[in-house]
Each structure stands twice: as C-alpha cells, then as structure tokens.
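K.L.:
Numbering (this note's numbering), first residue to last: -18 to 231.
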Amino acid sequence: MDILREPRITLIARPQFLEPGHLPVQWKGESSDGERIAEFAGRLCYMSQHNPAGRTTAEYLRNILKQGHGSVFEHATYVMLIEGISRSCSHELVRHRAGWGYSQLSQRYVDESYASFVMPPAVQGDAALEAAWTVQVEAAQAAYVAAVEQLMERYAWIDDRIHRRKMAREAARSVLPNATEVKIVASANVRAWRTMLELRLGEGAELEIRRMAVACLRVLQGEAPALFGDFEIYRAVDGSEAGRVGFHKV
Ligand SMILES: Cc1cc2nc3c(=O)[nH]c(=O)nc-3n(C[C@H](O)[C@H](O)[C@H](O)COP(=O)(O)OP(=O)(O)OC[C@H]3O[C@@H](n4cnc5c(N)ncnc54)[C@H](O)[C@@H]3O)c2cc1C
C-alpha cells in the first residue's frame, strides 16, 4: 500500500493564441499565449490594438485586473492532471463549477485493491498519529478487498464479468476512506482558476486542498505571470504555506 504525502500536479494543456491577421496588436514585452489571448480580448472591447498607452502585456493585464474586467480572463484555459490528492480533497475541488470541467478516476470501474492513500498534512510528522492512521487505512483497504470478493459471489449469476466486477466494486467502495487517492483532470479558464485559488489558498481552507492550490498556483505563475502574479504565497502561523490574492475575485 502506497502512502502519498503530497500532490503531484502536471500541466497537460495550455492555451494557443492564433492572432487574426486583420486585427494585429502592437505587443510590448514578453508574454505567453494565454496572456496574449486575454490582452487581445481586452483590447477588442475598446479597439485599442494600436496600444495608445504603450503598455507591456504585464502592465495592460494588471490594469484589467485592477478594474475587475473579469470576462477577459475566461478565454484562456489551463488543464492540469492532479494526482496524489484524497477523495475528500477532490470532493472539495469539484464544488468549483463556473468555468470548470473534470474527469475523475472511477471507483466503479477501477480496482481499488491496490489504491494509494493520502496522509493528511495534519497527521504527517507525528509518529504515533502516522502509525495509527496507517493501521486504520490498511484495515479499510482489507475490508474493501473482502467486500469485493463476497459481492462477486453474490453476483455470480451475472454472466458479463466486467458488469459483475463493476457491480461489486461500486458497492464495496463504500468502505474505502476519504483518504483514498484519486486522479483527476481539471480544466478551467483563468477567471475560474483565480476564484478557486483565492478561496482555497486562504488560511480558512482545509490543509490538503490549500497545499494542492499552492502547487497549482506555482505551475500557473510559471506559465502566465501576468495572469497569476498578483497571488502571494506565504508561511502561515501553523507553519504550512498559504496564499493571498492581490486583486480580489475579478
Ligand atoms: C473555507 C471553505 C469552507 C467551506 N465549507 C463548506 C461547507 O461546510 N459545506 C459546503 O457545502 N461547502 C463548503 N464550502 C464550499 C463553498 O460553499 C463553495 O461551494 C465552493 O467554495 C465553490 O465556490 P463557488 O460556489 O464560489 O465556486 P463556483 O461554483 O465555481 O462559482 C464561482 C462564482 O460564480 C458565481 N456563481 C456560481 N454559481 C452561482 C449560482 N448558482 N448563483 C449565483 N452565482 C453563482 C458566484 O459568484 C461564485 O462565487 C467551503 C469552501 C471554503 C473555501
């Protein structure tokens, strides 16, 4: 049984900007496609492609953030493969609806007999807590394996083996703990990422999703600093990382 102690975040898709030849922008400064899509959309609203103020993309987008012209940030989408998070963490994540799309590992189709489990940050680092938690999780996994076996017997009358296994697993998963690892593909536009990050980076957020949000933010800041650079990561009083936003919910 693998015990996971941190999430694994992999960017699997980024925006691609195809500049229309008949409406070229007078770009200034370095920028990524996601940032250019946002600037292009913003400039279209006022037909200011000639860049009268001579702003770099970073300067232009900062002003858009300041003004709260949020729809401009809905055109660029970043897609992450998120692994090493618990079922309870993914349940919190999927509460974010507007601008989000998800595809999550199915516990009906996938055999969880060999699932990994995510140790909560609050348990990590305390030997006694870690030992007790591990025993509890091992017992839950053993209960799952036993339940699948018994349910497979109960459903022996179903000829289709795939269907029979699905019937057994969908009932047996009820004994798996919230700590069971999930893998999820999460896609969101920039405005949606910003809203989720603002809520989940805060010190009021649950520790595991906060840790996940910090990891996602680092990836996004590397991809598009002009879109996510106003977020600041800091060390909270409890010693873990948290974050705050410069421009509240655009
Ligand atoms: C610290 C914390 C504690 C929480 N505790 C709980 C809890 O105990 N129980 C619980 O059930 N949930 C809890 N949640 C989840 C929370 O209630 C939200 O479901 C979650 O944060 C998603 O936020 P959202 O609805 O703003 O996101 P999204 O669904 O992505 O929506 C983004 C924004 O779009 C607008 N919007 C979306 N849908 C509507 C709509 N139908 N009508 C009007 N405007 C809309 C709103 O402005 C919203 O902020 C908690 C969240 C946090 C951060």
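Every residue gets a Cβ at the ideal spot worked out from N, C-alpha and C, and that includes glycine.
(1) If you run the structure through DSSP and keep just helix, strand and coil, what is asparagine 44?
(2) Can you list, in chain order, the residues of its chain with a C-beta nearer than 8 Å to that of serine 221? Leave out the 5 residues immediately preceding and following it.
(3) Taking 8 Å as the cut-off, is the C-beta of histidine 50 nearer than that to any heavy atom in ligand 1?
(4) Can you tell me where the beta strand (DSSP E) with methionine 61 in it begins and where it stops?
(5) Compute the distance between the beta-carbons of leucine 201 and alanine 19, then report whether it is under 9 Å.
(6) So, glycine 80 versus alanine 173, is the Cβ gap smaller than 9 Å?
(7) What are the boundary residues of the alpha helix (DSSP H) that glycine 279 is part of?
(8) Give a yes or no on contact between the stretch -13 to -1 and the stretch 53 to 64, applying the rule of three or more CB pairs nearer than 8 Å.
(9) Roughly how many whole angstroms lie between the Cα atoms of leucine 157 and alanine 121?
(10) Can you find at least 3 beta carbon pairs, one from the stretch 104 to 120 and one from the stretch 23 to 38, that sit closer than 8 Å?
(11) Which residues bound the alpha helix (DSSP H) around leucine 180?
(12) Tell me which residues share the same chain as tryptophan 114 and place their Cβ nearer than 7 Å to its Cβ, disregarding the 5 neighbours each side in the sequence.
(13) Quick one, which of Thr38, Ser97, Arg135, Met(-18) has its alpha-carbon nearest glutamate 16's?
P.N.:
To lay it out plainly:
(1) To locate residue 44, count along the sequence shown from 1; it is residue 63. In this structure, asparagine 44 counts as helix in the three-state DSSP scheme.
(2) Translated into the one-based positions of the sequence shown, residue 221 becomes position 240. Excluding sequence neighbours, serine 221 sits near Pro102, Leu188, Arg191, Arg192.
(3) Translated into positions along the sequence shown, residue 50 becomes position 69. Result no, Cβ not under 8 Å from ligand 1.
(4) Within the sequence shown, residue 61 is the residue found at index 80, counting from 1. Note, methionine 61: beta strand (DSSP E), 58 to 67.
(5) As a first step, residue 201 is located in the sequence shown; it is residue number 220 there, counting from the start. As a first step, residue 19 is located in the sequence shown; it is residue number 38 there, counting from the start. No, they are not a contact pair.
(6) Indexing the sequence shown from 1 puts residue 80 at position 99. Indexing the sequence shown from 1 puts residue 173 at position 192. Against a cut-off of 9 Å, the Cβ pair of alanine 173 and glycine 80 comes out as a contact.
(7) The structure shown does not extend to residue 279, since the chain spans only -18 to 231, so no value can be given for it.
(8) Judged by Cβ distances under 8 Å, the stretch -13 to -1 makes contact with the stretch 53 to 64, as three or more pairs qualify.
(9) Numbered from 1 along the sequence shown, position 176 holds the residue referred to as residue 157. Numbered from 1 along the sequence shown, position 140 holds the residue referred to as residue 121. Rounded to the nearest angstrom, the two C-alpha atoms are 6 Å apart.
(10) No, the stretch 104 to 120 is not in contact with the stretch 23 to 38.
(11) Counted from its first residue, the sequence shown places residue 180 at position 199. Its alpha helix (DSSP H) spans residues 171 to 181.
(12) Here residue 114 refers to the residue found at position 133 when the sequence shown is read from its first residue. Closer than 7 Å at the Cβ level, and outside the excluded window around tryptophan 114, lie Met100, Val104.
(13) By one-based count along the sequence shown, residue 16 stands at place 35. The shortest C-alpha separation from glutamate 16 is found at Thr38.
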